[in-house]
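These notes are about the structure you will find just below.
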Amino acid sequence: MFDLTTLTTFTAVVLGLFLIPGPAVLLVLSRTVQGGRKTGILTGLGVASGDFVHTLFAAVGLSALLMTSALAFNVVKLVGAAYLIYLGVRALLDRPSSDPSLPKVAAVTPLKAYLQAIPAEVLNPKTALFFLAFMPQFVHPERGSTFVQFAVLGLIFVVLSSLYTTLIACSIRPLGRVVKRLAWLTRWQGKIIGSIFIALGLRVAVQQR
Numbered sequence: 005m006f007d008l009t010t011l012t013t014f015t016a017v018v019l020g021l022f023l024i025p026g027p028a029v030l031l032v033l034s035r036t037v038q039g040g041r042k043t044g045i046l047t048g049l050g051v052a053s054g055d056f057v058h059t060l061f062a063a064v065g066l067s068a069l070l071m072t073s074a075l076a077f078n079v080v081k082l083v084g085a086a087y088l089i090y091l092g093v094r095a096l097l098d099r100p101s102s103d104p105s106l107p108k109v110a111a112v113t114p115l116k117a118y119l120q121a122i123p124a125e126v127l128n129p130k131t132a133l134f135f136l137a138f139m140p141q142f143v144h145p146e147r148g149s150t151f152v153q154f155a156v157l158g159l160i161f162v163v164l165s166s167l168y169t170t171l172i173a174c175s176i177r178p179l180g181r182v183v184k185r186l187a188w189l190t191r192w193q194g195k196i197i198g199s200i201f202i203a204l205g206l207r208v209a210v211q212q213r
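When we follow this note's numbering, the leftmost residue of the sequence shown carries the number 5, and every step to the right adds one.
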């Protein structure tokens, strides 16, 4: 169903994506600072649960679209490729904040932090748009069930997301010291990931010609 190249590329791009701090990562950091390690870990698991919901929506919707029209599915892939190129260009042009501020959050129990993180991620339109653009680039109808392919990729994404946010929650202080020492890497990571997104989008566009 998946070859090693596809899985390796998908995993590498996802891990690279995590290097760019988004709202979900900032929420995990805020919860960890405010409520401790357990609260931060459960917040990250809540975000991952929300991502899994997005995966199911994408799998059901795009699999149904493929059953209706293979051409429409290819159009979705091309639109998604264009969106990835757009994200890549933005990442290349944006200047990273030297002092990103964490969102202010009220004190809650770890369980409530988990439950609040799920709808926060599910209702994030940018996350939904990203999943619709990103996931189809690694799905190949000729290799078997598209629903199963979406589900497997989504599960990999969720597992990696959970591991990453858990790492952040468990090592926020030492990670903070490392980030300060590697400030040059922070300045370049957006450009690196932007280049990867552009390359991925262009590859898909060429393959669909």
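The beta carbon of each residue, even a glycine, is placed where N, CA and C say it ideally should be. The structure displayed is predicted, hence computed values, not measured ones.
Three-state secondary structure (DSSP) at residue i?
| i | result |
| --- | --- |
| L127 | coil |
| T113 | coil |
| H58 | helix |
| S149 | coil |
| G40 | coil |
| G26 | coil |
| F6 | coil |
| G156 | For the record, residue 156 in the displayed sequence is Val; it is not Gly. Looking at V156 - three-state DSSP - the assignment turns out to be helix. |
| P34 | One point to set straight first is that residue 34 is Ser, not Pro, in the sequence displayed. Helix, per DSSP. |
| S175 | coil |
| S165 | helix |
| S67 | helix |
| S73 | coil |
| V143 | coil |
Less than 8 angstroms between the CB atoms is what I'm expecting for residue i and residue j, so what's the real figure, rounded?
| i | j | result |
| --- | --- | --- |
| G39 | G198 | Contact doesn't hold; Cβ gap of about 33 angstroms is too wide. |
| L49 | S166 | 6 angstroms |
| V143 | F154 | 6 angstroms |
| F77 | G158 | Contact flag wrong, Cβ pair sits at about 17 angstroms. |
| A132 | G205 | Contact doesn't hold; Cβ gap of about 18 angstroms is too wide. |
Between the options, which has its C-alpha nearest residue i's C-alpha?
| i | options | result |
| --- | --- | --- |
| T113 | A203, L127 and K42 | K42 |
| L33 | I200, F201 and I172 | I172 |
| L69 | A124, F6 and P145 | P145 |
| F6 | Q141, A203 and V126 | Q141 |
| S224 | L11, M71 and V37 | Past the edges of the chain, shown from 5 to 213, lies residue 224, and the structure says nothing about it. |
Within its chain, find whatever has a CB closer than 7 angstroms to the CB of residue i; leave out the 5 residues flanking it on each side and keep chain order.
| i | result |
| --- | --- |
| R35 | T43, G44, T47, V109 and A117 |
| R207 | none |
| A62 | F135, L136, M139 and F154 |
For residue i versus residue j, is the C-beta spacing smaller than 8 angstroms?
| i | j | result |
| --- | --- | --- |
| L97 | A137 | no |
| V79 | T169 | no |
| T150 | S67 | yes |
| V17 | I200 | yes |
Got a sec? Which residues, its chain only, sit under 6 angstroms from residue i by beta carbon, not counting five neighbours each side?
| i | result |
| --- | --- |
| S53 | I122 |
| L186 | Bear in mind that the predicted position of L186 carries a pLDDT of just 49, short of 50, making it too unreliable to give a figure here. |
| P27 | none |
| L11 | none |
Starting from the C-beta of residue i, find all residues in its chain whose C-beta is less than 8 angstroms away, skip the five residues before and the five after it, and write them out in chain order.
| i | result |
| --- | --- |
| T214 | Here the chain comprises residues numbered 5 to 213, so residue 214 is not present and cannot be evaluated. |
| T15 | I160 and L164 |
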